[in-house]
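>
There are 2 protein chains.
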Amino acid sequence: MEYTFSNGLRNLQPSAIREILKYAGVPGVVALSAGNPAPEAFPTEAIAEISARLLAERPIDVLQYGATEGYQPLRDHLKTYLREKYAVGNDNDEILITSGAQQVMELVAKTVCNAGDVVICESPSFIGSLNSFRSLGLKLVGVPVEADGMDVDALECALKENTNVRFIYTIPNFQNPAGVTMSMEKRRRVYELAKAYNVLIVEDNPYGDLRFAGEDVPAIKTLDDEGLVVYAGSFSKVLASGLRVGYALAGKPLLAKMIVAKQGEDVHTTQWAQMVCHEFMTKYDFEAHLDRLRAVYNEKAQLMMDLLDEHLVPTGITYHRPEGGLFIWCRLPDGVDMADFCTKAVKEHKVAVVPGSAFNVEGEHLQTFRVNYSTPTNEAMREGVKRLGAFAAEYFK
Amino acid sequence: MEYTFSNGLRNLQPSAIREILKYAGVPGVVALSAGNPAPEAFPTEAIAEISARLLAERPIDVLQYGATEGYQPLRDHLKTYLREKYAVGNDNDEILITSGAQQVMELVAKTVCNAGDVVICESPSFIGSLNSFRSLGLKLVGVPVEADGMDVDALECALKENTNVRFIYTIPNFQNPAGVTMSMEKRRRVYELAKAYNVLIVEDNPYGDLRFAGEDVPAIKTLDDEGLVVYAGSFSKVLASGLRVGYALAGKPLLAKMIVAKQGEDVHTTQWAQMVCHEFMTKYDFEAHLDRLRAVYNEKAQLMMDLLDEHLVPTGITYHRPEGGLFIWCRLPDGVDMADFCTKAVKEHKVAVVPGSAFNVEGEHLQTFRVNYSTPTNEAMREGVKRLGAFAAEYFK
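Heads up: the sequence lines are chains A and B, in that order. Quick note on numbering: the first sequence equals residues 6 to 402 in my numbering. Quick note on numbering: the second sequence equals residues 6 to 402 in my numbering.
Now the structure itself:
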């Protein structure tokens, strides 16, 4: 049979990151291309203890169907936690537990958009979300990312020029891939623009707890008294990514429709994973765990920046110094063929980085690549950046 | 903010089953309305043992991101298992692990359909799948279910009358809710019609292993040498529903696009749950476990049928005797107001069944309701059917 595909999927290819991850698995290749949390960041013993206890004491709760909206104690706890710690959420909001934060993006898009509707995205942005929107046949309009976040004038133009914009998608903290954090001033402006143009904001905040320098900037959701903002959080970076647990905090009528959409996707998120998250947040010292994570990532980020300064900056490559998160965004000198550089780096010099084009919204950012410091060991970072520097010095000649 | 919803979600309400489940949770109500596996069917000790071992020996594999296509050992094992045990799948097919079989339906629909395209469904059918298709803005066309499965003449008419049919959705074994099994003759005919009209078949088989009477009928997928059939399997009924692990077996090019779609939904299925399924299938006696399940459900089904014969049949209610699965489909005498009967049953007589209209494709089947024998205890079944019979005798007078 000759298969024909939907408009959304027809032209969609597997994530370039995941394709490069295949090269990254070749023996001898140093992968600076991943986006996995550091293995040492997983509280493995605590999770083993929690799991053993749950399966001994409440096996049927773990193994039976659960509610689509999520494990109620986890929903309740998150609601209080977000409100008390971050002033995020009010009485008009509710929590939906999702199968990773990725599902929040897909559910919002499915719930409020028809094929052909427009989503305004930062460009570059997280490819997983972009492809999620694309898979539903949505049109993406990119707004450039500056050192203090989204270019808000370009955002206003995009809102003016496009009639059927449904929401603005942003990762305000330690953006993936650009590593930048949106200023409070810009957050206010984005909120005001969304209000003026009657569009939603999807605020994706997987990295917010991983700040190792500078001061926290309040979430856009803290400004939200109109139910404009869908806030997406995740356990992937602060507990364990393989659990696939995330959550949405959103206005109740919107969340109610997202629950119906989720019912048709996976009925509910794995009970065990939800219960592990709840037990870890409530029976362990979650704040101490976050402190430990920040120390781990601070050390790794500083090492990576030192290595970039030593090996790449002298070749003419520049980069943005992140204050948290997992990624550093590097810029090649003008005139360098980025795709050729990244391909030769992995194939000939056995060091994998992610080509900036993977994060494109509409075909821009061709002088950039992303490196990651959370997954590789310190030794691998040293070797990888050294290889990349030596290759760059030779290649740019 | 006044929310506006997509065409697919706008008119979609939460599953009536799940709404009735709320009543079913009221103290004193006997719930014959659920669809949960019997708690005694879960191999809780084995899962606890597996989980402890995995978290002690391979914690990072459990907790780190995995591949979108699924945990490779589970994919490999399922491929061999399906082929050797059921002659299902060939060299052109591949396996995708999903977050429950529900996700298979959603991914196929998203991958091959645009909003407005037609899906032909058995009517009645599983509301979760119907709503999944509806959430994507698809048009559902219903084909009646007979005692030996889908009415194939009506199917042919539906294929003739609708131009943009993309697939036929069927649950051939112990259909939910009708409890019927499609004959081999009809399976061949459905396959030939799909081939003639160049549409896919989505064969949803969550209950196939739960046969306690009669002879197995080969899957439609066994006939498939053209890549027409997407076969969906699940661990929900044979291991544990809260794990949320299912799988699709489909032609490679189609599966490749479904993987891209899944990447944008939840990245991958919870690692722990996939690994538990794999360990249980390979390190334990899975066939002995299935035998045990069949014995459990056989006993419960026989009891339920005896109770129906004793308390409901004398009132004029009829039902289809299933040979497996979890459900029995009952028909009220002509002239009885089904919705009123089901509502009064739960509100006044404290016994919950699912109104047949919940499984409607287009508004038919208004004289029916579904009962379940897997979730309630034997004692609850005795009490529930007795109450229902007493109420029916009085109500039909």
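No residue lacks a Cβ here, since even glycine has one placed at the ideal position from N, Cα and C.
1) Val-113 (chain B) by DSSP, collapsed to three states: which one?
2) Using a Cβ-Cβ cut-off of less than 8 Å, give me the residues of the region 46 to 59 of chain B that come near chain A, in sequence order.
3) Of all Cβ atoms in chain B, is any one closer than 8 Å to the Cβ of Leu-17 (chain A)?
4) Can you tell me whether DSSP reads Tyr-324 (chain B) as helix, strand or coil?
5) Taking DSSP as the reference, what is the three-state secondary structure of Ile-264 (chain A)?
6) When Cβ atoms are compared, which residues of the region 61 to 83 of chain A fall closer than 9 Å to chain B?
7) Does the separation of the CB atoms of Val-117 (chain B) and Thr-9 (chain A) fall below 8 Å?
8) Just by C-beta distance, which residues in the region 257 to 291 of chain B are closer than 9 Å to chain A?
9) Does Leu-228 (chain A) have its Cβ less than 8 Å from a Cβ in chain B?
10) Note down, in chain order, every chain A residue with its Cβ under 7 Å from the Cβ of Pro-44 (chain B).
11) Kindly confirm or deny that the region 74 to 86 of chain B and the region 319 to 330 of chain B touch, where touching means at least three C-beta pairs closer than 8 Å.
12) Just the Cα atoms here: how many angstroms apart are Ala-39 (chain B) and Asn-377 (chain B)?
13) With C-beta atoms as the reference, is Ser-188 (chain A) less than 8 Å away from Val-222 (chain A)?
14) Glu-353 (chain B): which of B:Thr-382, B:Gln-307, B:Ala-397, B:Ser-379 sits nearest, CA to CA?
15) Check the Cβ of Leu-233 (chain B) against every Cβ in chain A and list those closer than 7 Å, keeping chain order.
16) Please report how far the alpha carbon of Ala-255 (chain A) lies from the alpha carbon of Asp-229 (chain A), in whole angstroms.
17) Give the straight-line distance between the Cα atoms of Asp-153 (chain A) and Leu-244 (chain A), rounded to the nearest whole angstrom.
18) If the cut-off is 7 Å on Cβ atoms, which residues from the region 108 to 119 of chain B count as contacting chain A, listed in chain order?
19) Verify whether the separation of the beta carbon atoms of Thr-274 (chain A) and Ile-102 (chain A) is less than 8 Å.
20) In chain A, which residues lie less than 9 Å from Ser-140 (chain B) when you measure between Cβ atoms?
21) Is Ala-51 (chain B) closer than 8 Å to Tyr-289 (chain B) when the C-beta atoms are compared?
22) For my contact list, Asp-122 (chain A) and Asn-169 (chain A) are in at a C-beta cut-off of 8 Å; report their separation, rounded to the angstrom.
23) Quick check: Met-6 (chain B) and Leu-87 (chain A), are their CB atoms within less than 8 Å of each other?
24) Is Leu-160 (chain A) close to chain B, meaning its C-beta is less than 8 Å from at least one C-beta of that chain?
25) Using a Cβ cut-off of 8 Å, pull out every chain C residue sitting near Asn-136 (chain A), in sequence order please.
26) Helix, strand or coil: how does DSSP classify Tyr-91 (chain A) here?
27) At what residues does the beta strand (DSSP E) containing Asn-303 (chain A) begin and finish?
28) Report, in whole angstroms, the separation of the C-beta atoms of Phe-47 (chain B) and Leu-68 (chain A), which I expect to be a contact under 8 Å.
29) Below 7 Å on C-beta distance, what does Gly-105 (chain A) contact in chain B?
30) Might you give, ordered along the chain, the residues of its own chain that have their beta carbon closer than 8 Å to the beta carbon of Tyr-196 (chain B), omitting 5 neighbours on each side?
31) Take Leu-215 (chain A) as the anchor and find which of A:Leu-331, A:Arg-63, A:Glu-367 has the nearest alpha-carbon.
32) Is there a Cβ of chain B sitting closer than 8 Å to that of Thr-168 (chain A), yes or no?
33) Distance, Cα to Cα, Tyr-212 (chain B) vs Tyr-91 (chain B)?
34) My assumption, with CB atoms under 8 Å, is that Ala-120 (chain A) sits in contact with Gly-13 (chain A). Please give the rounded CB distance.
35) Count the CB pairs spanning the region 127 to 141 of chain A and the region 357 to 371 of chain A that are closer than 8 Å, and state whether there are at least three.
36) Go through its chain and collect everything with a Cβ distance to Val-157 (chain A)'s Cβ below 8 Å, but skip five positions before and after it.
So, from the listed chains and residues:
1) Counting from 1 along the second sequence, the entry for residue 113 (chain B) is found at position 108. Three-state result, Val-113 (chain B): helix.
2) Phe-47, Thr-49, Ile-52, Ala-53, Ser-56, Ala-57
3) For the purposes of this step, residue 17 (chain A) is taken as residue 12 along the first sequence, with counting starting at 1. Cβ-Cβ to chain B under 8 Å: yes for Leu-17 (chain A).
4) Locating residue 324 (chain B) in the second sequence gives position 319, counting from the first residue. If DSSP states are grouped into helix, strand and coil, Tyr-324 (chain B) belongs with the strands.
5) The residue you call residue 264 (chain A) lines up with position 259 of the first sequence. Ile-264 (chain A) falls in the helix class under three-state DSSP.
6) Residues Ala-61, Pro-64, Ile-65, Asp-66, Val-67, Leu-68, Gln-69, Tyr-70, Gly-71, Ala-72, Thr-73.
7) Looking up residue 117 (chain B) in the second sequence gives position 112. Looking up residue 9 (chain A) in the first sequence gives position 4. Inclusion of Val-117 (chain B) and Thr-9 (chain A) in the CB contact set at 8 Å is warranted, their separation being smaller than that value.
8) Pro-258, Leu-259, Ala-261, Lys-262, Met-263, Ile-264, Val-265, Ala-266, Gln-268, Gly-269, Glu-270, Asp-271, Val-272, His-273, Thr-274, Thr-275, Gln-276, Trp-277, Ala-278, Val-281
9) Indexing the first sequence from 1 puts residue 228 (chain A) at position 223. Not closer than 8 Å to any Cβ of chain B, the Cβ of Leu-228 (chain A) fails to qualify, so no.
10) Looking up residue 44 (chain B) in the second sequence gives position 39. Within 7 Å Cβ-Cβ: Ile-65, Gln-69.
11) no
12) Locating residue 39 (chain B) in the second sequence gives position 34, where the first residue counts as 1. Locating residue 377 (chain B) in the second sequence gives position 372, where the first residue counts as 1. Those two C-alpha atoms are separated by around 6 Å.
13) Numbered from its first residue, the first sequence carries residue 188 (chain A) at position 183. Numbered from its first residue, the first sequence carries residue 222 (chain A) at position 217. For Ser-188 (chain A) and Val-222 (chain A), yes; Cβs fall inside 8 Å.
14) In the second sequence, residue 353 (chain B) corresponds to position 348, counting from 1. That would be B:Ala-397, whose Cα lies nearest to the Cα of Glu-353 (chain B).
15) Counting from 1 along the second sequence, the entry for residue 233 (chain B) is found at position 228. Correct list: Met-6.
16) As a position in the first sequence, residue 255 (chain A) is number 250, starting the count at 1. As a position in the first sequence, residue 229 (chain A) is number 224, starting the count at 1. Those two C-alpha atoms are separated by around 10 Å.
17) Locating residue 153 (chain A) in the first sequence gives position 148, counting from the first residue. Locating residue 244 (chain A) in the first sequence gives position 239, counting from the first residue. Rounded to the nearest angstrom, the two C-alpha atoms are 28 Å apart.
18) Those residues of the region 108 to 119 of chain B that come within reach of chain A (Cβ to Cβ, closer than 7 Å) are Gln-108, Glu-111, Lys-115, Thr-116, Val-117, Cys-118, Asn-119.
19) The residue you call residue 274 (chain A) lines up with position 269 of the first sequence. The residue you call residue 102 (chain A) lines up with position 97 of the first sequence. Cβ atoms of Thr-274 (chain A) and Ile-102 (chain A): closer than 8 Å.
20) In the second sequence, residue 140 (chain B) corresponds to position 135, counting from 1. Result: Lys-115, Thr-116, Val-265, Ala-266, Gln-268, Gly-269, Glu-270.
21) To locate residue 289 (chain B), count along the second sequence from 1; it is residue 284. To locate residue 51 (chain B), count along the second sequence from 1; it is residue 46. A distance below 8 Å separates the beta carbons of Tyr-289 (chain B) and Ala-51 (chain B).
22) Residue 122 (chain A) sits at position 117 when you count from the first residue of the first sequence. Residue 169 (chain A) sits at position 164 when you count from the first residue of the first sequence. 5 Å between Cβ atoms; contact.
23) Translated into the one-based positions of the second sequence, residue 6 (chain B) becomes position 1. Translated into the one-based positions of the first sequence, residue 87 (chain A) becomes position 82. Result no, Cβ atoms of Met-6 (chain B) and Leu-87 (chain A) do not sit closer than 8 Å.
24) For the purposes of this step, residue 160 (chain A) is taken as the residue at position 155 of the first sequence. No, no contact with chain B.
25) No chain C is present in this structure, whose protein chains are A and B.
26) The count along the first sequence starts at 1 and reaches residue 91 (chain A) at position 86. In the structure shown, Tyr-91 (chain A) sits in a helix (DSSP, three-state: H, G or I).
27) Your numbering for residue 303 (chain A) matches position 298 in the first sequence. From DSSP, Asn-303 (chain A) is part of no beta strand (DSSP E) but of the alpha helix (DSSP H) over 291 to 316.
28) Walking along the second sequence from the start, residue 47 (chain B) turns up at place 42. Walking along the first sequence from the start, residue 68 (chain A) turns up at place 63. The Cβ separation is near 5 Å, so the contact holds.
29) Residue mapping note: residue 105 (chain A) aligns to position 100 of the first sequence, counting from 1. Those within 7 Å of Gly-105 (chain A) in chain B are Asp-271, Val-272.
30) What you label residue 196 (chain B) is simply residue 191 of the second sequence in a count that begins at 1. The answer, listed in chain order, is Ile-206, Ile-225, Leu-228, Asp-229, Leu-233, Val-234.
31) Translated into the one-based positions of the first sequence, residue 215 (chain A) becomes position 210. Ranking the options by Cα distance to Leu-215 (chain A), first place goes to A:Leu-331.
32) Indexing the first sequence from 1 puts residue 168 (chain A) at position 163. With 8 Å as the cut-off, Thr-168 (chain A) does not count as an interface residue toward chain B.
33) Residue 212 (chain B) sits at position 207 when you count from the first residue of the second sequence. Residue 91 (chain B) sits at position 86 when you count from the first residue of the second sequence. Roughly 14 Å between the two C-alpha positions.
34) Mapped onto the first sequence, residue 120 (chain A) falls at position 115. Mapped onto the first sequence, residue 13 (chain A) falls at position 8. That pair is a contact at about 7 Å.
35) yes
36) As a working mapping, residue 157 (chain A) is identified with position 152 in the first sequence. Excluding sequence neighbours, Val-157 (chain A) sits near Lys-191, Arg-194, Val-195, Leu-198.
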